[in-house]
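Novice: A single structure is presented below for examination.
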Amino acid sequence: KELKYNTYQPGTHQVTKNTAALGEALSAATGGDLGIDVLSGGAVASGKATLSFISDGLIDAGLVTDVYVPGDLPHTVIASSLALEGESSWVMAAAMAEYAMLECPGCQSDLDKMGVTNLGFQSTSTYKLLCNGPISTVGDLQGKKIKAAGPWSRLVVSWGAAPVNIPFNDVYEGMQRGQIDCALAPESAMEDYGLYDVVSTVVDLPMGTYHGFHSFVVNRDVWDELPEDQRALILDKMPGYITQNVQAYYDSSETSKKKALDNGTVYTKAGEDLKASIDTAKVAAREVSLEDAVKQGVESPGENLDTFLTILDKWTDLLGTDAPELARYEELLREHIYGKVSF
Amino acid sequence: MSGTAISLVFLGLLLILLIVRVPIAVALIVTSLGGIAALRGLDTIWVVVGKLPYDFAAHWSLSAIPMFLLMGTIAFRGGLTTSLFAACRIWFGRLPGGLAIAANFASAMFAAASGSSLATAAAMGRIAVPEMLKSGYHPGLATGTVAAAGTIGAMIPPSVAFIIYGWYTAVPIGQLLIAGVLPGILTAVVYGATVVIRVLINPELAPRSEYRPTLRESLSAFVSVWPIPVLIGAVIGLLYSGFTTATEAGSIGAVAALLICALRGTLTLQVIRDSIRDAVNSTASILIIAVGAALLSKFLVLAGLPQTMGRIVTEGEVTVFMVIGFTVVLYLVLGMFLDPIGVMLVTLPILLPVYDAMDLNLIWMGVVVVKLIEIGLLTPPVGLNVYVVKSVVDPNIPVETIFKGVMWFLAAEIVITALLIFFPVISLWLPSQM
Amino acid sequence: MNTIGKAFASAVRIASAIAFAVAGACMVAMMVHIFLDVLLRGLFNKPLTGTLEIVSSYYMVAVSFLPLAALELSRDMVFVEVFTARMSASRRRVMDAFARLLAFGAMGLIAVSAAKYAWKQTLRGEFMDVVFFDLLIWPTRWIAATGFAFAALAALVVLVRTLRDRLVGPDPQDDGTRHGAID
Ligand code: NA
Ligand code: NA
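Those protein sequence lines, which keep their order, are chains B, V and D. Letter by letter, the first sequence follows residues 41 to 383 in the working numbering. Letter by letter, the second sequence follows residues 47 to 480 in the working numbering. Letter by letter, the third sequence follows residues 4 to 186 in the working numbering.
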């Protein structure tokens, strides 16, 4: 069986390469009985359509971005829309997995309703303000136009700036020509979208992560029809795959930072008012997350929120905010999550 | 049956349907859905078929198409273009194929304002083709010139194709856009020469103007044509100043065209009605074919045809020229059937690792790739630019006439593509000056 | 029977004309909406929130799919003529009938499937969060379904007309439908 795995990320993205490598490992271990055909660049399904096309059986598996489909996955979105809580991609990926795969029955029933299952989570590295002029305080941000998506839009509004929703492909031109002044994105965006020439300033303050990537969503029927040993094999490979994916985001941001500095980009310290604005927005975001969840039909989202925050604290204690040793991270995933789940 | 076999069967079916006069959009939709059903089962097709067209059409980037179409229909119905071609007759009339040359360079100018080849072909098809026909030009020459010149739209910035290539390959998009400028101008010049050569061989294609204008007439022609340069200048200015995106520039252009018509007293209710009707008709004709092309791309990717073709290359011992040769053949073959963005999305996952392995300059390859997918807009059986022109001109001109008219420009493309491949400096000089 | 058929045909014709007019109105609204957005952004630094989402989900869907029935009725859909241009009229009419049948099948399939999905999204009240307000998305699902449903019915009308032409020759009362579907 060759699983058709769809991702909207390009084939050059390290995570896409990791998925192809996972397919090769599976193929090697099963003598070619099981493999993955990676369909990259959204060639079959866009980011928004991926979940519904896995559910319909057009594709077997794929990368699902939950904030694109809050109506389908309201329970995980409660946690993933808390973008500003994220200070480390390592912590967030593990916390999301433990929350959604072990401690959130609603998350599981959302997936059941779609007829799919999900085998792991990954998170971007931290978002920063990438600007085409000197910025360090909230005052500097007044009246600026900032490319920001979903949960970050409200933070931008709180600065007295205007959130602009343009596709990432347009950010280079937008910044070059002054349609936008900043983009809120991981530093790796500078590499992914070639922004080194237009980004002159990076505000060196982490402003959260997007951690709602469902790394490996599989059609339930396809999953159930796999022989038991093949399912076990996939699950055994999953912690390593997740570790590599989080590492990919981390490496990419580190490399981008190095290149940007070489290119003359300035990393500025964030003003105290800017730091304070993040803390304020963090609290407000929890409220918004609860309100949105109610709108999407979740009855008592407060419990979910508390559960997630507790798990988040636990992983922050375990890992801190620095990059952990890879083998240890993989082991922790096995111990706390993959050793306990059943699919 | 393997995925490759299934894809070949359904591509054969597509050809048959096209031969027996099934509308292109319907043929594309039917074969793609049939193919997907064969691969993934009837149950699947039954649920996804209602979502796929919506997912394709509901996009901001495509909205540039109706806006530029509307600008073009208003300019045409409101009579702004009539005087432009009267003026062109005065200026270029003595050259062989003068109006076609004018249309070609007007397309290049329009292209400089539009990110999309389809929008360029649609707007210029409305503006230039009727005037050429009125002047006794052969329909194949008139429509072929505009269909071909429309492809300059993706070479000269702004360009959706370059932006997507840059996004996919992580090459700086600004450098890519600048890289397209000289190849775009080169294309316009070679196309102009093609028109001259054709008309020199067969003067009947484009009757020469007997009329010898005085200097005073030549100058006063400027006065009568001011709306079009102003319109194009405004759109280009908006884009280059960075004040607007392509869609926004299109909508401002449409509003400006309305205002200019009102100012000149040509804006009647009839003009408004006709412009809107024409623009809606063309938009829907274009987008439903594009929906079909997008479906076909999805079917072929699911069948694994492009992946298989890539594997054949990567497994042999290859040289740079084999890689480029394969690229050319691959895009020519896929470009016969698929939409340009679809072709690019389908093939880059295969080609990019090969280019990386061969250490090819990705900006240079980007120009070559965009040139090749633009050629695909002109090649039968699925030549989107030809269909666009078909949908905006006199319904009595059959699509074959346009394809025949385009053949000469495809011959010119052999020269242009060879120059771009053998002289990377054409693409790389400007970006190196940045 | 004949009267029912004619009533059905004129009903489809009216429906497609209305759908076409709505698409036209949407195109104008799109122009004005985008223009205002740019104007307000440029002059007062106050963009209209949700322009991108409304243009993508509403105007683009309406402009893409609502005119399909009118295209079908006026036979404005692009097709390849080269291989059949020299064939006899009656043979071409058979092929045209076949093409309409395919169009009816394809458009009908899309319409029913789209309507089922639209119904599902209506029940759950599908919306999009555009920061300052919630934009309802489920109505746009119906726009797409309606466009394809009308297109399927229009294909049926043209199919019947093509077949009848073959049997009894053209009906003079049908003159003008070729280009008059939208006037
Ligand atoms: Na262009
Ligand atoms: Na083609």
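In this text, a Cβ means the ideal position worked out from N, Cα and C, and glycines have one as well.
Please compile the residues from chain B whose C-beta is within a distance smaller than 8 Å of the C-beta of S343/V.
Specialist: To locate residue 343/V, count along the second sequence from 1; it is residue 297. Correct list: A83.
Novice: Quick one: list the residues of chain B neighbouring L55/D, beta-carbon separation under 8 Å, in chain order.
Specialist: For the purposes of this step, residue 55/D is identified with residue 52 of the third sequence, where counting begins at 1. Ordered by position in chain B, the residues that pass the 8 Å Cβ test against L55/D are N205 and I206.
Novice: Does the region 53-71 of chain V come into contact with the region 58-77 of chain B, if we say contact requires no fewer than three beta-carbon pairs (one atom in each stretch) closer than 8 Å?
Specialist: As far as the Cβ criterion goes, the region 53-71 of chain V does not touch the region 58-77 of chain B, which means the pair count is below three.
Novice: Between the Cα of T47/B and those of K41/B, G190/B and D77/B, spot the shortest distance and give me the residue it belongs to.
Specialist: Within the first sequence, residue 47/B is the residue found at index 7, counting from 1. The residue with the shortest Cα to Cα distance from T47/B is D77/B.
Novice: Specify, as a first and last residue, the run of the beta strand (DSSP E) that K184/B falls within.
Specialist: Here the question's residue 184/B lines up with position 144 in the first sequence. No beta strand (DSSP E) contains K184/B, which DSSP labels as neither H nor E.
Novice: Are the region 76-93 of chain B and the region 89-109 of chain V touching by the rule of at least three beta carbon pairs closer than 8 Å?
Specialist: Because the criterion of three Cβ pairs below 8 Å is met, the region 76-93 of chain B and the region 89-109 of chain V touch.
Novice: Can you give me the Cβ contacts of F469/V inside the same chain, cut-off strictly under 7 Å, excluding the 5 residues immediately before and after it?
Specialist: To locate residue 469/V, count along the second sequence from 1; it is residue 423. If we look at F469/V and ignore the five residues flanking it on each side, it has no Cβ neighbours.
Novice: Is the beta carbon of K168/B sitting closer than 8 Å to the one on M247/B?
Specialist: In the first sequence, residue 168/B corresponds to position 128, counting from 1. In the first sequence, residue 247/B corresponds to position 207, counting from 1. Yes.
Novice: Nearest to A325/V by CA position, among V471/V, T463/V, I75/V and M170/V, is which residue?
Specialist: Mapped onto the second sequence, residue 325/V falls at position 279. When only C-alpha atoms are compared, the closest one is M170/V.
Novice: Counting pairs of beta carbons, one from the region 61-79 of chain D and one from the region 152-168 of chain D, are three or more of them closer than 8 Å?
Specialist: As far as the Cβ criterion goes, the region 61-79 of chain D touches the region 152-168 of chain D, which means the pair count is three or higher.
Novice: Could one say the Cβ of L85/V lies closer than 8 Å to chain D's Cβ atoms, at least one of them?
Specialist: Counted from its first residue, the second sequence places residue 85/V at position 39. No - not a single Cβ of chain D is within 8 Å of the one on L85/V.
Novice: Would V227/V pass as a contact of L406/V if the rule is Cβ separation under 8 Å?
Specialist: To locate residue 227/V, count along the second sequence from 1; it is residue 181. To locate residue 406/V, count along the second sequence from 1; it is residue 360. In this structure, L406/V does not lie closer than 8 Å to V227/V by Cβ.
Novice: What are the boundary residues of the alpha helix (DSSP H) that includes M63/D?
Specialist: On the third sequence, position 60 is the one that residue 63/D refers to. It spans M63 to F68 - the alpha helix (DSSP H) in which M63/D sits, taken as one unbroken run.
Novice: Would you check if the distance between the CB atom of G238/V and the CB atom of I147/V is smaller than 8 Å?
Specialist: One-based indexing of the second sequence puts residue 238/V at position 192. One-based indexing of the second sequence puts residue 147/V at position 101. Yes, the Cβ-Cβ distance between G238/V and I147/V is below 8 Å.
Novice: Starting from the beta carbon of M98/D, find every residue of chain V whose beta carbon is closer than 9 Å, and list them in chain order.
Specialist: The residue you call residue 98/D lines up with position 95 of the third sequence. In chain order: V66, R67 and V68.
Novice: Is I448/V near A71/V, with beta carbons less than 8 Å apart?
Specialist: Here residue 448/V is taken as the residue at index 402 of the second sequence, counted from 1. Here residue 71/V is taken as the residue at index 25 of the second sequence, counted from 1. For I448/V and A71/V, no; Cβs fall outside 8 Å.
Novice: Name the residue from I75/V, S205/V and T166/V whose alpha carbon lies nearest to the alpha carbon of G108/D.
Specialist: For this step, residue 108/D is matched to residue 105 along the third sequence. Nearest option by C-alpha distance: I75/V.
Novice: When you compare the CB positions of G75/B and G63/B, do they come within less than 8 Å of one another, or not?
Specialist: Counted from its first residue, the first sequence places residue 75/B at position 35. Counted from its first residue, the first sequence places residue 63/B at position 23. The answer is yes: Cβ separation under 8 Å.
Novice: Give a yes or no on contact between the region 94-104 of chain B and the region 309-321 of chain B, applying the rule of three or more CB pairs nearer than 8 Å.
Specialist: No contact exists between the region 94-104 of chain B and the region 309-321 of chain B.
Novice: Secondary structure at D332/B, three-state DSSP: helix, strand or coil?
Specialist: For this step, residue 332/B is matched to residue 292 along the first sequence. Helix.
Novice: Distance check for G338/V and A83/B, CA to CA, integer angstroms please.
Specialist: In the first sequence, residue 83/B corresponds to position 43, counting from 1. In the second sequence, residue 338/V corresponds to position 292, counting from 1. Each residue's Cα considered, the two are about 14 Å apart.
Novice: Pull up the distance between the alpha-carbon of L474/V and that of L465/V, whole angstroms please.
Specialist: On the second sequence, position 428 is the one that residue 474/V refers to. On the second sequence, position 419 is the one that residue 465/V refers to. If I take the Cα positions, the gap works out to 13 Å.
Novice: Please say whether M80/D and S331/V have beta carbons closer to each other than 8 Å?
Specialist: Locating residue 331/V in the second sequence gives position 285, counting from the first residue. Locating residue 80/D in the third sequence gives position 77, counting from the first residue. In contact: S331/V and M80/D (Cβ atoms closer than 8 Å).
Novice: So, S228/B versus S165/B, is the Cβ gap smaller than 8 Å?
Specialist: Sequence index remark: in the first sequence, residue 228/B carries index 188 (1-based). Sequence index remark: in the first sequence, residue 165/B carries index 125 (1-based). Yes, they are a contact pair.
Novice: Tell me which same chain residues have a C-beta within less than 8 Å of the C-beta of Y62/D, skipping the five on either side of it?
Specialist: One-based indexing of the third sequence puts residue 62/D at position 59. These residues qualify, in order along the chain: C29, M30, A32, M33 and H36.
Novice: Which residue from R123/V, I243/V, M117/V and R67/V puts its Cα closest to that of T293/V?
Specialist: Here residue 293/V is taken as the residue at index 247 of the second sequence, counted from 1. Residue M117/V is the option with its Cα nearest to T293/V.
Novice: For Y307/B, which residues does DSSP report across the bridge?
Specialist: Numbered from its first residue, the first sequence carries residue 307/B at position 267. Answer by DSSP bridge pairing, in chain order: V242/B.
Novice: From what residue to what residue does the beta strand (DSSP E) around L258/B run?
Specialist: For the purposes of this step, residue 258/B is identified with residue 218 of the first sequence, where counting begins at 1. Here residue 258/B is Val; the residue named in the question, Leu, does not match the sequence. That run of the beta strand (DSSP E) goes F253 to N259.
Novice: For D132/D and chain B, any beta-carbon pair shorter than 8 Å?
Specialist: Numbered from its first residue, the third sequence carries residue 132/D at position 129. So yes, D132/D belongs to the interface.
Novice: Cβ atoms of A140/B and F161/B: under 8 Å apart, would you say?
Specialist: Against the first sequence, residue 161/B aligns to sequence position 121. Against the first sequence, residue 140/B aligns to sequence position 100. Cβ distance < 8 Å, so F161/B and A140/B count as in contact.
Novice: Measuring CA to CA, which of G87/V, L179/V, L265/V and M113/V is closest to V281/V?
Specialist: For the purposes of this step, residue 281/V is taken as residue 235 along the second sequence, with counting starting at 1. It is M113/V.
Novice: So if DSSP puts T105/B in a beta bridge, which residue, or which two residues, is it bridged to?
Specialist: Here residue 105/B refers to the residue found at position 65 of the first sequence. According to DSSP, which records beta bridges pairwise, T105/B is partnered with F253/B.
Novice: For T105/B, which residues of its own chain have a beta-carbon under 7 Å away from its beta-carbon, when the five flanking residues on both sides are left out?
Specialist: Counting from one through the first sequence, the residue named residue 105/B turns up at place 65. Result list for T105/B: G87, G252 and F253, in chain order.
Novice: Should D276/B be labelled buried (16 or more other beta-carbon atoms within 10 Å of its own) or exposed?
Specialist: Taking the first sequence and counting its residues from 1, one reaches residue 276/B at position 236. By the 10 Å Cβ count, D276/B comes out exposed.
Novice: Here's a check: name, in chain order, each residue in its chain whose Cβ is nearer than 7 Å to the Cβ of A152/V, leaving out the five neighbours to either side.
Specialist: Here residue 152/V corresponds to residue number 106 of the second sequence, with the count starting at 1. So the list reads M170 and A174, once near-sequence residues are dropped.
Novice: Measuring alpha carbon to alpha carbon, tell me which of L69/D, I113/D, T87/D and R167/D ends up nearest S78/V.
Specialist: Within the second sequence, numbered from 1, the residue matching residue 78/V stands at position 32. Nearest option by C-alpha distance: I113/D.
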